[in-house]
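*Asks:* Those protein sequences? They're chains A and B, same order as listed.
Residues in the first sequence are numbered from 1 upward in steps of one, following our numbering.
Residues in the second sequence are numbered from 522 upward in steps of one, following our numbering.
One structure follows; several queries about it will come next.
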Amino acid sequence: MRQIPGRLNMDKAPASNVKTSAPARGSRPEGAVLLRASGLSKAFGSQVVLDGVDLELRQGEVVILRGFNGSGKSTLLNILSANLEPDSGVLELGVNGARKIFRFPSRWWQKLGLKNEFIPEFMFNKGFGRTWQDIRLFSTLNLCDNIAAAIPGQMGENPWLAVGRFATVKRQERTVASASQEELALLGLREEGRMLAEKLSVGHAKCVAIARAVRAGAKVLCLDEPLAGVDNLHKKKIVELLRVLAQREHLTLVIIEHSWNISQILGLATTIWTLEGGKLRVEQPSKAGSPPVNEVSESDIQQLGRTATLTSVRVAGKEASKPFLEVDDLVVYRGRRLIVGDYEGAGGKIKGVSFTLRQPGLYHLHAPNAWGASTLIEAIAGLIPVARGRIHLNGENIESLPPWQRVSAGVRVALARANGFQSLTVREMFDLAQVRSLPEGFSPLLAKQMSSLSGGERQKVVLWSILHGPEFQVGVFDEPFMSLDAREAERIGDELSRLASEKIILITVPASTGSTEEVIP
Amino acid sequence: MNYLLHLTIYFCIYAILAMSLNVMVGYCGKLTLASSGYFAIGAYAYALATVKLGWHFVPAIFLGILIAALASLVLSIAAWRFKGDVFVMFSLAVQAIILGVCVNWAVGSAEFGTWANLTNGPLGISAIANPVHTRGNFAVLALALMGIAAILCRLLLSSPFGRILLAMRDDELALRGLGKGVKMAKVYAFAFSCGLAALAGSLYAAYLGYINPSVAALDFSVLWLCMAIIGGMGNLYGPFAGAAILLLLPEMLRFAQLPTAVADDLRLLLYGVFLILLTFFRPQGICGRYRVD
């Protein structure tokens, strides 16, 4: 039986290991070159995303890859993991002493796919793994199987052996199952092994996805926004996990992250790559500026359940006689799982979520992952049935209204994961949303399909369609800044503050602005 | 008693077909309409091998399975590239071609069984050898073959191979990004699925003793797909539940003493109503966890 290669030794690695192997911050490790790219270019239609990118990745480096929305961070990552072929350039791999050179554009016989080695599974077997911005766990498998599916060297993956030597395969299955269970236990998910991956909260799912790639045997791990949409508690966990990977397991990491999360991983970084105008700039982390931190002054805090709070950041105008938005004792289930609401005491009684917003203003909903903020928003929008409770808008009861009538009543909702209609062009999106004046900076995007935009650009289009569409009274935004860059986030933030003088603007904050710890005791 | 044995044999044939579709649609997530084509390949291979070559039951069945497994390469290689609706259309094309071959590989006056007239066209092939002489024995044979198929399914699908298929169904790109090749997994899974369909086809030909090109008709593919979906996809028990339900439902009408024409119409109506009810109340099927989109 084949041995299953090493796993994340979060607890067991000797402490002395850390000192000897951890590269000091700011100094580039002088390990062997694992990957060298020169002149990588990629254009989508007429839009040049990468324009002659040269880079070099050494053993033990921790690289932070940054850049504005649409600057090509994900494109570069897709090329490095062979999910996308560059238009031109040379890519040279050198893992485990074996060298492999890819030249682009590839020849016609390679394009036929007969002997094309520039494919994700080949790159992975050379040690280049990745995680995805949208996580991509196997949603209908449980967590244990999610990790077990990735473990290399399983005999039973060959159907002939699965039938012919089923007893051996079964024995190996037990080893694999306990190895994946152990892996989950290290992530603090011992009890959740049988849980379906689709039910997992973002923070946990990102941990599992990282562990899965490491367990599959990645030596170089590219992480696409590992901290986006994750609350502070899980953020710490993920950063700790990355630290273990980099310093104890000697993995080489390439991390895409947005500016406000960079401060948390800057301590790990040995190199900063900045993509701008299709070019890559290599810097030392000491020279990279620290990101801005939003300071908010909380004046009025409503406690929602045990762990979440609703903060009025800025209120304007007089208190209206009737509350703008009133949510009373709301309880929402997904399937049989209680999402919004808390169990109270041992009797199984459920306390719903209640809050009242009486004045126009900007409100922050601080909630940890898995608290159900997104579900609460869907309930306000009428997209998910409500088990109990009332939702009032201007004193009118709206929970019997279908979603489209709630929109005419003045509610607007931006969901975190539904980034517009993929097959429409940006212009069609704006037309659909009845945006009268086109915001500046969108003209190069107008003719493009939503599906061809980057995650941040899609988010931008959806937000502007709401902000510049027809009048509304209550806007609820689920993590609006999640995949925006600093410049864009500031622009949207200004816009939201401006609107907050006469409307209710409620945004959920995934505890990433740094203020949550002060709010939640 | 005879009637019960007849039902048992049909149940075995249907259950094997539902298992076949469960592998392809439930585990691989590729909706196929070509299953009746592979069923026909099995039936014709068995019929020709026994009638013209005088082969015995077991080698004749293996011939059918082998040809179907080889022919499944058409689907699996297509599945390397196509997914979703395009793959469904492709499988429909495969079914249409096989049906066309069954109907048309018969040049008027040529003798049946030669290269000029392989399938005997619309007239079909009759006097196909039955390996056992009583219906009771045939039922035992069918049960045994179904049992073997079920054990193979269980070994394959609850092994790491089955897990790779499920992961591939959920997110192929993510699986490839973990260093697992998916091309050969598709080839094997499709060959297994099409081989099962051919096994059912051979049993069918042996039981009835007569086949004609209608075995490759689209209606059959749809009926079996309904069985697999109603039973529930992506697990090992769904196929049996689906086969039993869709077999017994119309049979119950037999006891209602209705005129045949009315009963036939009623049967179709029942199918329809049942499917609609199911989509409302249990879209993942009776035993299923996975919803076919």
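Ideal placement from N, C-alpha and C gives every residue a C-beta, glycine not left out.
(1) Buried or exposed: which applies to A:Pro444, given that a residue is buried once 16 or more other Cβ atoms fall within 10 Å of its Cβ?
(2) Note down the Cα distance separating B:Gly730 from B:Ile534, rounded to an integer number of angstroms.
(3) Which residues in chain B have a C-beta closer than 9 Å to the C-beta of A:Asn83? List them in chain order.
(4) DSSP has A:Asn142 in a bridge; who is on the other side?
(5) Please confirm if A:Gly156 has its CB atom under 9 Å from at least one CB of chain D.
(6) Output yes if chain B places a C-beta closer than 9 Å to the C-beta of A:Trp108; else output no.
(7) Do we get a CB-CB distance below 9 Å when we pair A:Ser299 with the residues of chain B?
(8) Please report whether the beta-carbon of B:Arg803 lies at a distance below 9 Å from any beta-carbon of chain A.
(9) Is DSSP giving A:Glu283 helix, strand or coil here?
(10) Under 6 Å Cβ to Cβ from B:Ser723, same chain only, skipping five residues before and after it: list those, please.
(11) Counting only runs that start and end within the stretch 38-108 of chain A, where is the alpha helix (DSSP H) found for 4 or more residues in a row?
(12) Using a threshold of 9 Å, state whether the C-beta atoms of B:Ala712 and B:Ser541 are closer than that.
(13) How close, in whole Å, do the beta carbons of A:Phe68 and A:Asp485 come, if the pair is a contact with beta carbons under 8 Å?
(14) Assuming B:Ile619 and B:Ala561 make a contact with CB atoms under 8 Å, what is their CB distance in whole Å?
(15) Contact criterion: CB-CB distance below 9 Å. Does B:Ile669 meet it with respect to chain A?
(16) Cβ of A:Ala197 within 9 Å of Cβ of A:Val208?
(17) Indicate the three-state DSSP secondary structure (helix, strand or coil) for B:Ala645 in the structure shown.
(18) Determine the DSSP secondary structure at A:Ala167, reduced to helix, strand or coil.
(19) Do A:Glu257 and A:Ile466 have their C-beta atoms within less than 9 Å of each other?
(20) Whole-angstrom Cβ separation of A:Leu184 and A:Leu143, contact assumed at under 8 Å?
(21) Going straight from the alpha carbon of B:Ile732 to that of B:Met773, what length do you get?
(22) Indicate the three-state DSSP secondary structure (helix, strand or coil) for A:Glu173 in the structure shown.
(23) Just checking, does the stretch 596-610 of chain B make contact with the stretch 697-713 of chain B on the three C-beta pairs under 8 Å criterion?
(24) Just list the residues that DSSP pairs A:Trp273 with in beta bridges.
(25) Compile a chain-ordered list of the residues in the stretch 196-230 of chain A whose CB is closer than 8 Å to at least one CB of chain B.
(26) If contact is defined by three or more beta carbon pairs under 8 Å, each pair taking one atom from either stretch, is the stretch 214-233 of chain A in contact with the stretch 140-155 of chain A?
(27) A:Asp329 lies in the alpha helix (DSSP H); which residues open and close that run?
(28) Taking only beta carbons into account, state which residues of the stretch 465-492 of chain A come closer than 7 Å to chain B, listed in chain order.
(29) What did DSSP end up calling B:Ser593 once you bin it into helix, strand or coil?
(30) Of all Cβ atoms in chain B, is any one closer than 9 Å to the Cβ of A:Leu525?
(31) Since I believe A:Gly203 is in contact with A:Asp231 (beta carbons under 8 Å), could you give me their beta-carbon distance rounded to a whole number of angstroms?
(32) Do B:Leu789 and B:Leu613 come within 9 Å of each other at the CB atom, strictly closer than that value?
*Replies:* This is what the structure gives:
(1) Here residue 444 of chain A is taken as the residue at index 444 of the first sequence, counted from 1. With fewer than 16 Cβ atoms within 10 Å of its Cβ, A:Pro444 is classed as exposed.
(2) In the second sequence, residue 730 of chain B corresponds to position 209, counting from 1. In the second sequence, residue 534 of chain B corresponds to position 13, counting from 1. Their backbone Cα atoms lie some 15 Å apart in a straight line.
(3) Taking the first sequence and counting its residues from 1, one reaches residue 83 of chain A at position 83. Residues of chain B passing the Cβ test: Leu694, Arg697 and Gly698.
(4) Counting from 1 along the first sequence, the entry for residue 142 of chain A is found at position 142. Answer is A:Leu196.
(5) Chain labels in this structure do not include chain D; the protein chains are A and B.
(6) Residue 108 of chain A sits at position 108 when you count from the first residue of the first sequence. Judged by the 9 Å Cβ criterion, A:Trp108 is not in contact with chain B.
(7) Translated into the one-based positions of the first sequence, residue 299 of chain A becomes position 299. Note that A:Ser299 scores a pLDDT of 49, beneath 50, so its modelled location is shaky; the value from the coordinates is reported in the next line. No, its Cβ sits nowhere closer than 9 Å to a Cβ of chain B.
(8) What you label residue 803 of chain B is simply residue 282 of the second sequence in a count that begins at 1. By this cut-off, B:Arg803 is not an interface position.
(9) Here residue 283 of chain A refers to the residue found at position 283 when the first sequence is read from its first residue. Reduced to three states, the DSSP call for A:Glu283 is strand.
(10) Numbered from 1 along the second sequence, position 202 holds the residue referred to as residue 723 of chain B. Excluding sequence neighbours, B:Ser723 sits near Gly563, Tyr567, Ile582 and Gly585.
(11) 73-80
(12) Your numbering for residue 712 of chain B matches position 191 in the second sequence. Your numbering for residue 541 of chain B matches position 20 in the second sequence. No, the Cβ-Cβ distance between B:Ala712 and B:Ser541 is not below 9 Å.
(13) Within the first sequence, residue 68 of chain A is the residue found at index 68, counting from 1. Within the first sequence, residue 485 of chain A is the residue found at index 485, counting from 1. With a Cβ gap of about 4 Å, A:Phe68 and A:Asp485 count as contacting.
(14) The sequence position of residue 619 of chain B within the second sequence is 98, counting from 1. The sequence position of residue 561 of chain B within the second sequence is 40, counting from 1. The pair is a contact, with the Cβ atoms about 6 Å apart (cut-off 8 Å).
(15) The residue given as residue 669 of chain B occupies position 148 in the second sequence. No, its Cβ sits nowhere closer than 9 Å to a Cβ of chain A.
(16) For the purposes of this step, residue 197 of chain A is identified with residue 197 of the first sequence, where counting begins at 1. For the purposes of this step, residue 208 of chain A is identified with residue 208 of the first sequence, where counting begins at 1. Yes, these two residues count as a Cβ contact at 9 Å.
(17) As a first step, residue 645 of chain B is located in the second sequence; it is residue number 124 there, counting from the start. Position check: residue 645 of chain B holds Gly in this sequence, whereas Ala was assumed. Three-state result, B:Gly645: coil.
(18) Residue numbering aside, residue 167 of chain A sits at position 167 when the first sequence is read from its first letter. Reduced to three states, the DSSP call for A:Ala167 is helix.
(19) By one-based count along the first sequence, residue 257 of chain A stands at place 257. By one-based count along the first sequence, residue 466 of chain A stands at place 466. No, the pair does not count as a contact, with Cβ atoms beyond the cut-off.
(20) On the first sequence, residue 184 of chain A is found 184 positions in, with the first residue counted as 1. On the first sequence, residue 143 of chain A is found 143 positions in, with the first residue counted as 1. Contact holds; Cβ gap of about 6 Å.
(21) Counting from one through the second sequence, the residue named residue 732 of chain B turns up at place 211. Counting from one through the second sequence, the residue named residue 773 of chain B turns up at place 252. Approximately 26 Å, taken between the alpha carbons.
(22) Your numbering for residue 173 of chain A matches position 173 in the first sequence. In this structure, A:Glu173 counts as helix in the three-state DSSP scheme.
(23) yes
(24) Along the first sequence, read from residue 1 onward, the residue named residue 273 of chain A stands at position 273. For A:Trp273, which the question treats as bridged, DSSP gives the partners A:Leu65 and A:Val282.
(25) Arg212, Ala213, Ala216 and Gly217
(26) yes
(27) On the first sequence, residue 329 of chain A is found 329 positions in, with the first residue counted as 1. Unbroken run through A:Asp329 is the beta strand (DSSP E), Leu325 to Arg334; no alpha helix (DSSP H).
(28) none
(29) As a working mapping, residue 593 of chain B is identified with position 72 in the second sequence. B:Ser593: helix per DSSP, three-state reduction.
(30) Not covered by the structure: residue 525 of chain A. The range shown for chain A is 1 to 521.
(31) Translated into positions along the first sequence, residue 231 of chain A becomes position 231. Translated into positions along the first sequence, residue 203 of chain A becomes position 203. The Cβ separation is near 6 Å, so the contact holds.
(32) Here residue 613 of chain B corresponds to residue number 92 of the second sequence, with the count starting at 1. Here residue 789 of chain B corresponds to residue number 268 of the second sequence, with the count starting at 1. For B:Leu613 and B:Leu789, no; Cβs fall outside 9 Å.
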